[in-house]
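K.L.:
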Amino acid sequence: VYCVLLGLPGAGKGTQALNIASARGILHISTGDMFREASANRTSLGVEAQEYMSKGELVPDDVTISMLLERIEEDDAASGFMLDGFPRTINQAEALDLALEPRKKQIEVVPYIKVPEDLLMARLTGRWSCPDCAEIYHTVTKAPKVDEVCDSCAGHLLQRSDD
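Sequential numbering of the sequence shown, starting at 988, is according to my numbering.
Quick look at the structure:
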């Protein structure tokens, strides 16, 4: 199964993508995790992605597409995957379609998580994330022990530019 999970920021895509992938026995590919791993490994794309992430900015399409296309070529993605955080743009969606075409595969399932706007606003306005280890915090439901400092790695917490 080749699947993309869509929804607005704060809808819970990451949580649900992980649950669905686990239940289906398919690979969960999170662009955020992919960026952090490439950054930790100091790959050229990872270093470039980190420049944007450290400022709370979105990683540009060319970097995101290159990383994702490399990732889906790995053996563990051959039997299917659940994409979380990709595609975010039409350009990314078109690149994914083109990459799957030679395999004679296509995205089969595209669930959309719909959450009431007031709940999204409440989730996003208090959401903080660590660009170093990907830990997510919320000022009401999961506050860090020290304001703006990650409990896991002591990294500086940021609010994403799209929150």
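Using N, Cα and C, we set each Cβ at its ideal position, and we do this for glycine too. Just so it is clear, the structure is predicted and the values come from calculations on it, not from any experiment.
#1: Which residue spans inside the segment 998 to 1061 form an unbroken alpha helix (DSSP H) run of at least 4?
#2: ASP1048: which of CYS1140, ASN1078 and GLY1019 sits nearest, CA to CA?
#3: ILE1099: which of ALA1086, ASP1071 and TYR1124 sits nearest, CA to CA?
#4: Please state the DSSP three-state secondary structure of ASP1159.
#5: By how many angstroms is the C-alpha of ALA1121 removed from the C-alpha of ALA998?
#6: Roughly how many angstroms lie between the CA atoms of VAL1046 and CYS1137, to the nearest whole one?
#7: State the Cα-Cα distance for the pair LEU1145 and LEU1005, rounded to the nearest angstrom.
P.N.:
Well, looking at it:
#1: Counting whole runs of 4 or more residues, the segment 998 to 1061 contains the alpha helix (DSSP H) stretches 1000 to 1011, 1018 to 1027, 1031 to 1040 and 1048 to 1059.
#2: Answer by Cα proximity: ASN1078.
#3: Checking the displayed sequence, the identity of residue 1099 turns out to be Tyr instead of Ile. When only C-alpha atoms are compared, the closest one is ASP1071.
#4: The structure shown does not extend to residue 1159, since the chain is modelled only from 988 through 1150, so no value can be given for it.
#5: If you take the alpha carbons of ALA998 and ALA1121, they lie about 17 Å apart.
#6: Distance between the alpha carbons of VAL1046 and CYS1137: 22 Å.
#7: Rounded to the nearest angstrom, the gap between the Cα atoms of LEU1145 and LEU1005 is 23 Å.
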